[in-house]
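Heads up, the thing below is written out as structure tokens.
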Amino acid sequence: MKQKIVVVGSLHIDFVINVPHFPSPGETVVGSNFQVFPGGKGANQAYAAAKLGGSVSMVGQVGGDAQADWLKKNLASVGVDVSAVRRDPKNPSGTAGISIDPSGQNQILIMPGANGTFGPAQLKESKEILESAGIVLLQLEIPLETVEAAVHLANKAGAVVMLDPAPARDLPDSLLHLVDYLTPNENELAALTGAPPSAGIGREHAVQRARILIERGANKVIVKMGPHGALLVTKDQEHFWPVVSVEVVDTTAAGDAFNAAFAVALVAGKSEMQAGQFATAAGACSVTRQGAQPSMPTRNEVELMMKVSGHSAQSGF
Numbered sequence: 001m002k003q004k005i006v007v008v009g010s011l012h013i014d015f016v017i018n019v020p021h022f023p024s025p026g027e028t029v030v031g032s033n034f035q036v037f038p039g040g041k042g043a044n045q046a047y048a049a050a051k052l053g054g055s056v057s058m059v060g061q062v063g064g065d066a067q068a069d070w071l072k073k074n075l076a077s078v079g080v081d082v083s084a085v086r087r088d089p090k091n092p093s094g095t096a097g098i099s100i101d102p103s104g105q106n107q108i109l110i111m112p113g114a115n116g117t118f119g120p121a122q123l124k125e126s127k128e129i130l131e132s133a134g135i136v137l138l139q140l141e142i143p144l145e146t147v148e149a150a151v152h153l154a155n156k157a158g159a160v161v162m163l164d165p166a167p168a169r170d171l172p173d174s175l176l177h178l179v180d181y182l183t184p185n186e187n188e189l190a191a192l193t194g195a196p197p198s199a200g201i202g203r204e205h206a207v208q209r210a211r212i213l214i215e216r217g218a219n220k221v222i223v224k225m226g227p228h229g230a231l232l233v234t235k236d237q238e239h240f241w242p243v244v245s246v247e248v249v250d251t252t253a254a255g256d257a258f259n260a261a262f263a264v265a266l267v268a269g270k271s272e273m274q275a276g277q278f279a280t281a282a283g284a285c286s287v288t289r290q291g292a293q294p295s296m297p298t299r300n301e302v303e304l305m306m307k308v309s310g311h312s313a314q315s316g317f
């Protein structure tokens, strides 16, 4: 497998506020600890993969505002190649409003900005970078037609495709057929299979819902179950990775840390089982700090987490 990881996706400015509880409709809640972080699911995954030692290129688009350079420089600071991050001068960079409750859970509202104008025509300019990829990481914070175009280019290049279906939306079966790993969390899994949003659905129900997606054409489904671990489901088998117990501060981007770490392990030649152990530990590390990209761990931190949890021997790292 080629060693390059290419992330095609969003870059956001995250406006984060801590709240005593999430507001009900019409309710005003007084928050605290307002902070601004670089974010976006695509940029988060690129940042995390590079910090874990991967060779990473980011493909996406920022706006015509002053924060655009900050978003790119932050990725470059950990070694991400940002030469394929375009600028749309007619729109602002994407933004996200994030509230975090005392348990570390979050609610997120995004405004796509320049991410929303990153279409297939703009993607074509990065065709050579996609052709260099061993793994391509994708999410759904850019137009779906751009995601589909990226998947087709990745398939032609022989790259492994990981699609994080967030934010959740209907996906055509034709796209599921072309994805190697579909990586929903529990709420996204429910949305993709026509069930009410639900967290803590349990392993049995997660397997049942994942198999619905496999019947529709998905190759392999990894369900990210937060404090309940992660679950790999294929046509004829399943494997569960237990969670590493930590004190949770902020769950924002834990799934991004998982996907990035899984990709880093795969391009390093590790097995799926080893990659899942590494990814689960990376996700656990990320929830112990606040912010999306600031929470992403180094490889040494993940290896220490695995050692503490007793998984280092099996991981191969």
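Position 84 (the sequence shown) corresponds to 84 in our numbering; numbering is contiguous. Beta carbons are placed, not taken as given, at the ideal position from N, Cα and C, and that holds for glycine. On a predicted model such as this, the values are computed, not experimentally measured, just so you know.
(request) Apply the 10 Å Cβ neighbour rule to residue 225 and answer buried if 16 or more other Cβ atoms are within range, or exposed otherwise. (result) Within the sequence shown, the letter at position 225 stands for residue 225. Buried, because 16 or more other Cβ atoms sit within 10 Å of the Cβ of residue 225.
(request) Label residue 58 either buried or exposed according to how many other C-beta atoms from any shown protein chain fall within 10 Å of its C-beta, with 16 as the threshold for buried. (result) Within the sequence shown, the letter at position 58 stands for residue 58. The residue is buried, with at least 16 neighbouring Cβ atoms inside 10 Å.
(message) Helix, strand or coil, according to DSSP, for residue 239 in the structure here?
(response) One-based indexing of the sequence shown puts residue 239 at position 239. In the structure shown, residue 239 sits in a strand (DSSP, three-state: E or B).
(request) Indicate whether residue 214 and residue 235 have their beta-carbon atoms separated by less than 9 angstroms. (result) Residue numbering aside, residue 214 sits at position 214 when the sequence shown is read from its first letter. Residue numbering aside, residue 235 sits at position 235 when the sequence shown is read from its first letter. In this structure, residue 235 lies closer than 9 angstroms to residue 214 by Cβ.
(request) Under 7 angstroms Cβ to Cβ from residue 313, same chain only, skipping five residues before and after it: list those, please. (result) Residue mapping note: residue 313 aligns to position 313 of the sequence shown, counting from 1. No answer about residue 313 holds up, because its pLDDT of 49 lies below 50 and its placement is not dependable.
(message) So for residue 313, helix, strand or coil by DSSP?
(response) Translated into positions along the sequence shown, residue 313 becomes position 313. Confidence in residue 313 is poor, its pLDDT being 49 and thus under 50, which makes the residue's placement too unreliable to answer from.
(request) Check whether the Cβ of residue 118 lies closer than 8 angstroms to any heavy atom of the ligand MG, and answer yes or no. (result) This structure lacks the ligand MG; in fact it carries no ligand of any kind.
(message) What does the Cβ neighbour count give for residue 37, buried or exposed, with the cut at 16 atoms within 10 Å?
(response) Within the sequence shown, the letter at position 37 stands for residue 37. Buried, because 16 or more other Cβ atoms sit within 10 Å of the Cβ of residue 37.
(message) DSSP three-state label for residue 118, please.
(response) Position 118 of the sequence shown holds residue 118. In this structure, residue 118 counts as coil in the three-state DSSP scheme.
(request) Could you tell me how far apart the beta carbons of residue 263 and residue 137 are, in whole angstroms, since I believe they sit closer than 8 angstroms? (result) Locating residue 263 in the sequence shown gives position 263, where the first residue counts as 1. Locating residue 137 in the sequence shown gives position 137, where the first residue counts as 1. Confirmed, about 6 angstroms.
(request) Can you have a look at residue 12 and say buried or exposed, based on whether 16 or more other CB atoms are within 10 angstroms of its CB? (result) Here residue 12 refers to the residue found at position 12 of the sequence shown. Flag for residue 12 reads buried.
(request) Quick one: grab the DSSP three-state call for residue 226. (result) As a working mapping, residue 226 is identified with position 226 in the sequence shown. In the structure shown, residue 226 sits in a helix (DSSP, three-state: H, G or I).
(request) Ignore the nearest five residues each way along the sequence and tell me which others in residue 193's own chain have a CB closer than 8 angstroms to its CB. (result) Looking up residue 193 in the sequence shown gives position 193. Answer for residue 193: 209, 212, 213, listed in chain order.
(request) Name the residue from 243, 170, 26 whose alpha carbon lies nearest to the alpha carbon of residue 280. (result) By one-based count along the sequence shown, residue 280 stands at place 280. Checked all of 243, 170, 26; the closest Cα to residue 280 is 243.
(message) Pairs of beta-carbons, one from the segment 5 to 23 and one from the segment 133 to 153, closer than 8 angstroms: are there three or more?
(response) yes
(message) Please report the straight-line C-alpha distance between residue 23 and residue 14, rounded to a whole angstrom.
(response) Taking the first residue of the sequence shown as position 1, residue 23 is located at position 23. Taking the first residue of the sequence shown as position 1, residue 14 is located at position 14. Computed Cα separation, rounded: 19 angstroms.
(request) Compute the distance between the beta-carbons of residue 305 and residue 256, then report whether it is under 9 angstroms. (result) Looking up residue 305 in the sequence shown gives position 305. Looking up residue 256 in the sequence shown gives position 256. Contact: no.
(request) Go through the segment 55 to 125 residue by residue and report every complete run of the beta strand (DSSP E) that reaches 3 residues or more, in order. (result) When DSSP assignments are scanned along the segment 55 to 125, the uninterrupted stretches of beta strand (DSSP E) that are 3 or more residues long and fall wholly within it turn out to be 55 to 63, 81 to 88, 94 to 100, 106 to 111.
(message) Here's a check: name, in chain order, each residue in its chain whose Cβ is nearer than 6 angstroms to the Cβ of residue 54, leaving out the five neighbours to either side.
(response) Your numbering for residue 54 matches position 54 in the sequence shown. Counting only Cβ-Cβ distances below 6 angstroms, and skipping sequence neighbours, we find 5, 264.
(message) Which residue wins for smallest C-alpha separation from residue 191, given the options 179, 181, 206?
(response) If you number the sequence shown from 1, residue 191 lands on position 191. The option with the nearest alpha carbon to residue 191 is 206.
(message) Contact defined as beta carbons within less than 8 angstroms: I believe residue 62 pairs with residue 114. What is the distance between those atoms, to the nearest angstrom?
(response) By one-based count along the sequence shown, residue 62 stands at place 62. By one-based count along the sequence shown, residue 114 stands at place 114. Rounded, the Cβ-Cβ distance is 6 angstroms, consistent with contact.
(request) Can you check DSSP and say which residues form a bridge with residue 162? (result) Locating residue 162 in the sequence shown gives position 162, where the first residue counts as 1. DSSP lists 137, 181 as partners of residue 162.
(request) With distances taken Cα to Cα, identify the nearest neighbour of residue 309 among 268, 293, 60, 241. (result) Reading the sequence shown from its first residue, position 309 is the one you call residue 309. Selected option, being the one with the closest Cα: 241.
(request) From the DSSP output, in three-state form, read off residue 38 for me. (result) Start at 1 with the first residue of the sequence shown, and residue 38 comes out as number 38. Residue 38 falls in the strand class under three-state DSSP.
(message) Assuming the contact rule is C-beta atoms closer than 8 angstroms, residue 288 and residue 246 should be a hit. Round their C-beta distance to whole Å, please.
(response) Walking along the sequence shown from the start, residue 288 turns up at place 288. Walking along the sequence shown from the start, residue 246 turns up at place 246. So it is a contact: roughly 5 angstroms between Cβ atoms.
(request) Measure the alpha-carbon distance for residue 232 versus residue 278 and round it to whole angstroms. (result) The residue labelled residue 232 in the question sits at position 232 within the sequence shown. The residue labelled residue 278 in the question sits at position 278 within the sequence shown. The alpha-carbon atoms of residue 232 and residue 278 are separated by roughly 14 angstroms.
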